[in-house]
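In order, the protein sequences belong to chains A and B.
For the first sequence, our numbering begins at 1 and goes up steadily by one.
For the second sequence, our numbering begins at 1001 and goes up steadily by one.
The beta-carbon is built from N, C-alpha and C at its ideal position, and this holds for glycine as well.
The next block holds one structure in the form of structure tokens; read it before the comments.
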Amino acid sequence: MKARVHVTLKNGVLDPQGKAIEQALGALGFNGVEDVRQGKVIEFSLAERDPSKARADVEAMCQKLLANTVIENYAIELDG
Amino acid sequence: MKAAVIVFPGSNCDRDVQVALKQAVGRQSMGREPLMVWHKETTFDPVDLIVLPGGFSYGDYLRCGAMAANSPVMKEVVARAAKGVAVLGICNGFQMLTETGLVPGVLMRNADLRFVCRDVTVKVETSQSLFTAKYEQGQAIRIPVAHHDGNYFADDDTLAAMEDRGQIAFRYCDAEGEITVEANPNGSRRNIAGVYNETKTVLGLMPHPERLADARLGGSDGRPLFDGLVEALS
């Protein structure tokens, strides 16, 4: 089974990198781009076949390592 | 006092802090030479102080300090901190402390996205701690910073609780000790440069006291921190 974890900054947490990207897009002539937020995507394969067990495992991975829940949210996608 | 300096792959201030501790021990003729502990150890001799040094442990992969926070030795560090053993985290060590939850908050990318490497002045918020007894309350000290991710963040409720409990250790200030926006090198909320845990036995700070602990290196404002620890813990 494939897992994909999206880690994003929580609302209200400033994202200076997102702001820099937004300004760079503006400078390139892409007008009307707002609210750019940068995050990360982490992909991996799982030996676990049971979707609910796999989800629980990935949830624990997010809590323990993949996201810092003080400032980040995460979303889990499972496939296969 | 006996201290242990934990060494991670990518640590680069471990030797500097070792020297600063050794010199403090020598000056006061108390305590013993610090122990250097590799991150793969799961236990080490009893010590009075554990230091998590600066550097770029694990290449700052995922988030600064996140990998180190999960390395084998860290379970032991967290267990000893819970028993009241003093822990000092400097720069990358501060990032590890936030990642393990030993101190609140998190250190984000600097607001202007630049690596900042220069001397700053910080205000000592209290002298009532193991770490700051040799400073005056409100004293402005000059100490270098060198980091890309030192932008301290905690939510409003957490900050309010920390202020009430006196958990703010240092704030970036100007030469007169005024807390100003201009004096803030990285965008940290409320100019926070260092914080304690609730019992003030754990201190995390971004500036490097070990880099200005010897007058031959251009200043010695970091020295009282090490002298104070040796005196308090011997």
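- Contacts with chain A at 9 Å (Cβ-Cβ) do not include Asn-1197/B.
- If you keep only unbroken beta strand (DSSP E) runs of at least 3 residues inside the region 1170 to 1207 of chain B, you get 1192 to 1196 and 1202 to 1205.
- Residues of the same chain with a CB within less than 6 Å of the CB of Ser-1188/B, apart from the 5 flanking positions on each side, are Asn-1151 and Tyr-1152 in chain order.
- By the Cβ neighbour-count rule, Phe-1094/B is buried, with 16 or more other Cβ atoms within 10 Å of its own.
- Collapsing the DSSP output to three states places Ser-1234/B in coil.
- No Cβ of chain A is located within less than 9 Å of the beta carbon of Val-1202/B.
- For Val-13/A, the chain B residues whose Cβ falls inside 8 Å of its Cβ are Met-1108 and Phe-1153, in order along the chain.
- For Val-7/A, the enclosing beta strand (DSSP E) covers residues 2 to 9.
- For Glu-77/A, there is no enclosing alpha helix (DSSP H); the enclosing beta strand (DSSP E) covers residues 72 to 79.
- Straight through space, the alpha carbons of Thr-1132/B and Ser-1234/B are spaced by roughly 15 Å.
- Look at the region 16 to 80 of chain A and you find these whole runs of alpha helix (DSSP H), each 4 residues long or longer: 16 to 27 and 51 to 61.
- When secondary structure is reduced to three states using DSSP, Pro-1009/B falls in the coil class, being assigned neither helix nor strand.
- The Cβ atoms of Ile-1143/B and Val-1116/B do not sit closer than 9 Å to each other.
- Contact between the region 1078 to 1087 of chain B and the region 1047 to 1062 of chain B is present: 3 or more CB-CB pairs across the two stretches fall below 8 Å.
- Where Thr-1121/B is concerned, the enclosing beta strand (DSSP E) starts and stops at 1116 to 1124.
- A residue is called buried once 16 or more other Cβ atoms fall within 10 Å of its Cβ, and Tyr-1135/B is buried on that count.
- The beta-bridge partner set that DSSP reports for Phe-1153/B consists of Val-1106/B.
- Using beta-carbon distances, Leu-65/A counts as an interface residue toward chain B, with a partner under 9 Å.
- Secondary structure note for Val-1047/B: it is in no beta strand (DSSP E), with a DSSP letter that is neither H nor E.
- For Asn-1070/B, the nearest beta carbon of chain A is closer than 9 Å to its own beta carbon.
- Close partners of Arg-1063/B in chain A (Cβ separation under 8 Å): Asn-68.
- Residue Glu-1182/B holds the alpha-carbon nearest to the alpha-carbon of Tyr-1172/B among Lys-1002/B, Glu-1182/B and Lys-1075/B.
- In the structure shown, the three-state DSSP call for Pro-1034/B is coil.
- Of the residues Val-1073/B, Pro-1072/B, Arg-1063/B and Ala-1111/B, the one whose Cα lies closest to the Cα of Thr-1098/B is Arg-1063/B.
- The C-beta of Leu-1113/B has fewer than 16 other C-beta atoms within 10 Å across all chains shown, which makes the residue exposed.
- Leaving aside the five residues that flank Ser-1127/B on each side, the residues in its chain whose CB is nearer than 7 Å to its CB run, in chain order, Ala-1133, Tyr-1135, Glu-1136 and Gln-1137.
- Gly-1031/B is positioned such that its CB atom lies no closer than 9 Å to that of Val-1037/B.
- Within 10 angstroms of the beta-carbon of Tyr-1196/B lie 16 or more other beta-carbons, which makes it buried.
- No Cβ-Cβ contact shorter than 9 Å links Ala-1154/B with Phe-1170/B.
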